[in-house]
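Chemist: Each residue of the sequence shown is one higher than the one before, counting from 2 in this note's numbering.
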Amino acid sequence: MKTTHSECRSQNAKRGPFSYGALFAFSLSSAFCVLSCGRLLAAEVPARLFFSDAKISFTLPEDWTLSPSFPYGPLFTQTLPDGSTATISCAISAPLDPDHVSADVPTGVLRELAQRDLTSRVPGFKSIVDTDLSLGGHNAYAISWEELKDGQVVQHRSAYFYVENRLYAVALEAQRPHFAALVGFFDDWLSSLDILSRRDSGSLTLPAQGGVWVHQTGGLRISIPSAWLIGVADDRSVGATYAEGNAHTELTATLDSSSPGGKPLTRREKKMARILVKKKGHRILKESEVAFHNLPAFQIQYEGMRGDQWVDGTDLYVSGPKARWLFNIEGDVSLYHALKEPYQKILDHIEFL
2 MKTTHSECRS QNAKRGPFSY GALFAFSLSS AFCVLSCGRL LAAEVPARLF
52 FSDAKISFTL PEDWTLSPSF PYGPLFTQTL PDGSTATISC AISAPLDPDH
102 VSADVPTGVL RELAQRDLTS RVPGFKSIVD TDLSLGGHNA YAISWEELKD
152 GQVVQHRSAY FYVENRLYAV ALEAQRPHFA ALVGFFDDWL SSLDILSRRD
202 SGSLTLPAQG GVWVHQTGGL RISIPSAWLI GVADDRSVGA TYAEGNAHTE
252 LTATLDSSSP GGKPLTRREK KMARILVKKK GHRILKESEV AFHNLPAFQI
302 QYEGMRGDQW VDGTDLYVSG PKARWLFNIE GDVSLYHALK EPYQKILDHI
352 EFL
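1) Which value, in whole angstroms, describes the spacing of the CA atoms of proline 82 and leucine 183?
2) According to DSSP, is threonine 218 part of a helix, a strand, or is it coil?
3) Mind pulling the beta strand (DSSP E) runs of 3 or more residues that sit fully within the segment 40–110?
4) Using 8 Å as the cut-off, can you tell me whether the segment 132–145 makes contact with the segment 159–168, which would need three or more C-beta pairs spanning the two stretches below that distance?
5) Just to confirm my understanding: we take tryptophan 229, look at its own chain, exclude 5 residues before and 5 after, and list those with CB closer than 6 Å. What are they?
6) Out of curiosity, what's the CA-to-CA distance linking leucine 29 and arginine 49?
7) Should the segment 56–71 be regarded as contacting the segment 141–160, the criterion being three or more beta carbon pairs within less than 8 Å?
8) Can you tell me whether glutamate 270 is helix, strand or coil according to DSSP?
9) Tell me arginine 325's beta-bridge partners as DSSP assigns them.
10) Below 8 Å CB to CB, which residues in the same chain sit around glutamate 304 once its five sequence neighbours on both sides are set aside?
11) Looking only at its chain, what residues have a beta carbon closer than 6 Å to the beta carbon of alanine 365, apart from the 5 residues adjacent to it on each side?
12) Between which two residues does the beta strand (DSSP E) holding arginine 307 run?
13) Please classify alanine 170: does DSSP put it in a helix, a strand, or coil?
14) Give the DSSP-derived three-state secondary structure of valine 334 in the structure shown.
15) Would leucine 317 pass as a contact of alanine 339 if the rule is Cβ separation under 8 Å?
16) Of the choices Phe186, Val155, Gln345 and Phe187, whose alpha-carbon is the least far from that of glutamine 443?
17) From which residue to which residue does the beta strand (DSSP E) around arginine 284 run?
18) Going by the beta-carbon positions, is the gap between leucine 76 and serine 70 smaller than 8 Å?
19) With DSSP run on the structure shown, which of helix, strand or coil describes phenylalanine 293?
20) Which value, in whole angstroms, describes the spacing of the CA atoms of aspartate 189 and tryptophan 326?
21) Which residue wins for smallest C-alpha separation from isoleucine 144, given the options Gly152, Ser128 and Gly138?
22) On the CB-based measure, 16 or more other CB atoms within 10 Å of its CB, does threonine 267 come out buried or exposed?
23) Taking all protein chains shown into account, decide if arginine 167 is buried (16 or more other Cβ within 10 angstroms of its Cβ) or exposed.
24) Nearest to serine 85 by CA position, among Pro178, Ile231 and Ser192, is which residue?
25) When burial is assigned at 16 or more other CB atoms within 10 Å of the CB, is histidine 350 buried or exposed?
26) Can you tell me which of Ser53, Gly262, Val46 and Gln79 puts its alpha carbon nearest to the alpha carbon of phenylalanine 186?
27) Would you report the Cα separation of isoleucine 301 and phenylalanine 180, rounded to the nearest angstrom?
28) How is the beta strand (DSSP E) around lysine 150 delimited, first residue to last?
29) Write down the C-beta distance between alanine 92 and glutamate 165 rounded to the nearest angstrom, noting that I regard them as a contact closer than 8 Å.
30) Taking the Cβ atom as the reference point for each residue, do tryptophan 214 and serine 320 lie within a distance shorter than 8 Å?
31) Terminal residues of the continuous beta strand (DSSP E) containing leucine 191?
32) Please report the residue range of the beta strand (DSSP E) in which lysine 127 lies.
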């Protein structure tokens, strides 16, 4: 099994233009239910990393740094007192059986696949201890092992599990003097694994108090501040909400896998974008085609009623290098305008991969 993420590809079937109305209602129902629990809930739920098209999510561990190259490198790194580096990585196989998709496999099968993977990659590895476990409601197999690398004994803890026809291996690596002190943390952190839902069904059981959402196939990485609650995350969209008193505002990012990246919206697509706004009963205030991160973009600012609340909003269509994206921001008028600077910071820090 390769140790990079390049083999992970979204299985999304191509679909038509953005189903924005359905997504918007879906996002609101999920995020607003989260907010009904109030600020106390926000204090209880940690930030998370969402690897969207791989359909997995973990908490962001304290004292570890999210790799700036992810998803094309390690998940997390930590510099240890002697200057060496410990890493947590995630490797995902190509589909194992293109003719049969299985949600999970028995631990005995995982054990066999793991041993085959390690033997092929590290022929001289030495097994230390192994165990069966459960991660995210799936069977899992974990093995601690060591190898000699550049004259140093390096130890590993690799946890294998299976999601929709692919084998996943999440692994801790550290030099032997430090491994024992880290492996307990690693096993505890593994328990935070969550398997994400497919598109349009991604309401999280518990929200995340901010985090990072990555979509490798669509080429996007977006960071959500801790003041926002992420209540929606699936294999094509993420939704977060912010509240002050009874006022609330929402931010969503949605992949349009049917539209090629790099190309501006056509006249017909712009017309459809306007229709989607008007279908919600909103009035278009302004349009612009100012580039976003030096990429073709089309922006619509609008106003209207949502229930008994007056809202302002923005639809921002961006043709990224790999795919087209729709970023929507909508909220109660007073809060929407008060958050213009935080909105802009989120948008400014979006990375197209």
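Even for Gly, the Cβ is constructed at its ideal location relative to N, Cα and C.
Modeler: Based on what the coordinates show:
1) Counting from one through the sequence shown, the residue named residue 82 turns up at place 81. Counting from one through the sequence shown, the residue named residue 183 turns up at place 182. So the two alpha carbons sit approximately 13 Å from each other.
2) Position 217 of the sequence shown, counted from the first residue, corresponds to residue 218. Coil, per DSSP.
3) 49–52, 57–60, 77–80 and 86–93
4) yes
5) Along the sequence shown, one-based indexing puts residue 229 at 228. These residues qualify, in order along the chain: Gly211, Ala241 and Tyr243.
6) In the sequence shown, counting from the first residue as 1, residue 29 sits at position 28. In the sequence shown, counting from the first residue as 1, residue 49 sits at position 48. Caution is warranted here: a pLDDT of 40 is assigned to leucine 29, below 50, making its placement in the model unreliable, and the coordinate value is therefore given only provisionally. Each residue's alpha carbon lies about 20 Å from the other.
7) no
8) Mapped onto the sequence shown, residue 270 falls at position 269. It is helical.
9) Residue 325 sits at position 324 when you count from the first residue of the sequence shown. Asp257 and Ser320, per the DSSP bridge assignment.
10) By 1-based counting over the sequence shown, the position of residue 304 is 303. If we look at glutamate 304 and ignore the five residues flanking it on each side, its Cβ neighbours are His283, Arg284, Leu286, Trp311, Val312, Asp313, Gly314 and Val334.
11) Look at the range of the chain in this structure, 2 to 354, and you will see that residue 365 is not part of it.
12) Here residue 307 corresponds to residue number 306 of the sequence shown, with the count starting at 1. Looking at the DSSP string, the run of the beta strand (DSSP E) that includes arginine 307 is 298–307.
13) For this step, residue 170 is matched to residue 169 along the sequence shown. Here alanine 170 sits in strand by DSSP.
14) One-based indexing of the sequence shown puts residue 334 at position 333. Three-state DSSP puts valine 334 in a helix.
15) The residue given as residue 317 occupies position 316 in the sequence shown. The residue given as residue 339 occupies position 338 in the sequence shown. Result no, Cβ atoms of leucine 317 and alanine 339 do not sit closer than 8 Å.
16) Nothing can be reported for residue 443, as the shown portion of the chain is limited to 2 through 354.
17) By one-based count along the sequence shown, residue 284 stands at place 283. Its beta strand (DSSP E) spans residues 284–289.
18) As a working note, residue 76 is residue 75 in the sequence shown. As a working note, residue 70 is residue 69 in the sequence shown. Not closer than 8 Å, so no.
19) If you number the sequence shown from 1, residue 293 lands on position 292. Of the three classes helix, strand and coil, the one that applies to phenylalanine 293 here is strand, per DSSP.
20) Walking along the sequence shown from the start, residue 189 turns up at place 188. Walking along the sequence shown from the start, residue 326 turns up at place 325. If you take the alpha carbons of aspartate 189 and tryptophan 326, they lie about 35 Å apart.
21) The residue you call residue 144 lines up with position 143 of the sequence shown. The option with the nearest alpha carbon to isoleucine 144 is Ser128.
22) Working through the sequence shown from its first residue, we reach residue 267 at position 266. Exposed: under 16 other Cβ atoms inside 10 Å.
23) Working through the sequence shown from its first residue, we reach residue 167 at position 166. Buried, by the Cβ-count rule.
24) Numbered from its first residue, the sequence shown carries residue 85 at position 84. That would be Pro178, whose Cα lies nearest to the Cα of serine 85.
25) If you number the sequence shown from 1, residue 350 lands on position 349. So histidine 350 ends up on the exposed side.
26) Start at 1 with the first residue of the sequence shown, and residue 186 comes out as number 185. Of the listed residues, the one whose Cα sits closest to phenylalanine 186 is Gln79.
27) Stepping through the sequence shown from its first residue, residue 301 is reached at position 300. Stepping through the sequence shown from its first residue, residue 180 is reached at position 179. When rounded, the distance between both Cα atoms is 52 Å.
28) Within the sequence shown, residue 150 is the residue found at index 149, counting from 1. Per DSSP, lysine 150 belongs to the beta strand (DSSP E) from 139–150.
29) Mapped onto the sequence shown, residue 92 falls at position 91. Mapped onto the sequence shown, residue 165 falls at position 164. Contact doesn't hold; Cβ gap of about 16 Å is too wide.
30) For the purposes of this step, residue 214 is identified with residue 213 of the sequence shown, where counting begins at 1. For the purposes of this step, residue 320 is identified with residue 319 of the sequence shown, where counting begins at 1. For tryptophan 214 and serine 320, no; Cβs fall outside 8 Å.
31) What you label residue 191 is simply residue 190 of the sequence shown in a count that begins at 1. It is not in any beta strand (DSSP E) - leucine 191 instead sits in the alpha helix (DSSP H) that spans 177–191.
32) Here residue 127 refers to the residue found at position 126 of the sequence shown. Segment 127–136, the beta strand (DSSP E) holding lysine 127.
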